[in-house]
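Here the sequence shown is numbered in this note's numbering, starting from 50 and rising by one per residue. Idealized CB from N, CA, C, for every residue including glycine. Please read the structure below before turning to the comments.
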Amino acid sequence: MTHATFLSPLGPVTVTATDGAIVALNWGEAGCGLLDPVVRMAVEELQAYFEGHLRQFNVPLKPAGTTFQRRVWAALTAIPCGETRSYGALAGELGSGPRAVARACAANPIPIIIPCHRVIGADGSLTGYSGGSGIDTKAWLLRHEGAAVTTPTPLTRRLRGNAHATRDCSL
50 MTHATFLSPL GPVTVTATDG AIVALNWGEA GCGLLDPVVR MAVEELQAYF
100 EGHLRQFNVP LKPAGTTFQR RVWAALTAIP CGETRSYGAL AGELGSGPRA
150 VARACAANPI PIIIPCHRVI GADGSLTGYS GGSGIDTKAW LLRHEGAAVT
200 TPTPLTRRLR GNAHATRDCS L
């Protein structure tokens, strides 16, 4: 296994690869490791994404999960940047239930690259996100991608009236 940690606008992110494919993306730092070509590619793509220059990831992925989880994760990668789908709509596409889809999203080992943040509640609400600072991170990612985010989150409520902080949270 090889990994690299880089500083994103949301804090440190560590990318891990095995056998030429990305297997995990974790919030926080890991110890030093050898930087192989696929990890380097993932870091470069993530940096380009955070800079607003990349809307589709091309790095090879190999997430570990059940057959159903991998089906959900494959469907997530088909949701275009800047768009969202409800858990129910995604479940309908997969012939499953929304709660099963939500559990698969929560188990996603490669957030951002496998964009579970693009899945929202049927009413447009931002529900559940296990990465970073939870719902605040999900809202930030969606705004960064240009998706309409109408549900106030605790962070956006705190930032109302603070123009500087609001600019920092939306690209």
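- Taken through DSSP and simplified to helix, strand or coil, G137 comes out as helix.
- Closest in C-alpha terms to A149, from the list G137, G173, P160, P158, comes G137.
- The alpha-carbon separation between P147 and C165 amounts to approximately 13 Å.
- Residue pairing of T51 in beta bridges, as defined by DSSP: A66.
- Straight-line spacing of the CA atoms in G181 and N157 works out to 13 Å.
- Using a 10 angstroms sphere on the CB of P112, the tally of other CB atoms reaches 16 or more, which defines it as buried.
- By the C-beta criterion, the segment 113–124 is judged not to be in contact with the segment 95–102, since fewer than 3 inter-stretch pairs fall below 8 Å.
- Taking all protein chains in view, the Cβ of E132 is surrounded by fewer than 16 other Cβ atoms within 10 Å, so the residue is classified as exposed.
- For a cut-off of 8 Å, the C-beta gap from T65 to E78 is around 12 Å, too long to register as a contact.
- The beta carbons of L84 and T51 sit about 7 Å from each other, so the pair counts as a contact at 8 Å.
- Within the same chain, and ignoring the five residues on either side of L190 in sequence, the residues whose Cβ sits closer than 6 Å to its Cβ are H166.
- Less than 8 Å divides the Cβ of I163 from the Cβ of L125.
- Sorting A171, P61, L103 by C-alpha distance to the C-alpha of R134 places A171 at the top.
- Counting only residues of its own chain and dropping the five nearest sequence neighbours on each side, R104 has a CB closer than 6 Å to the CB of C130.
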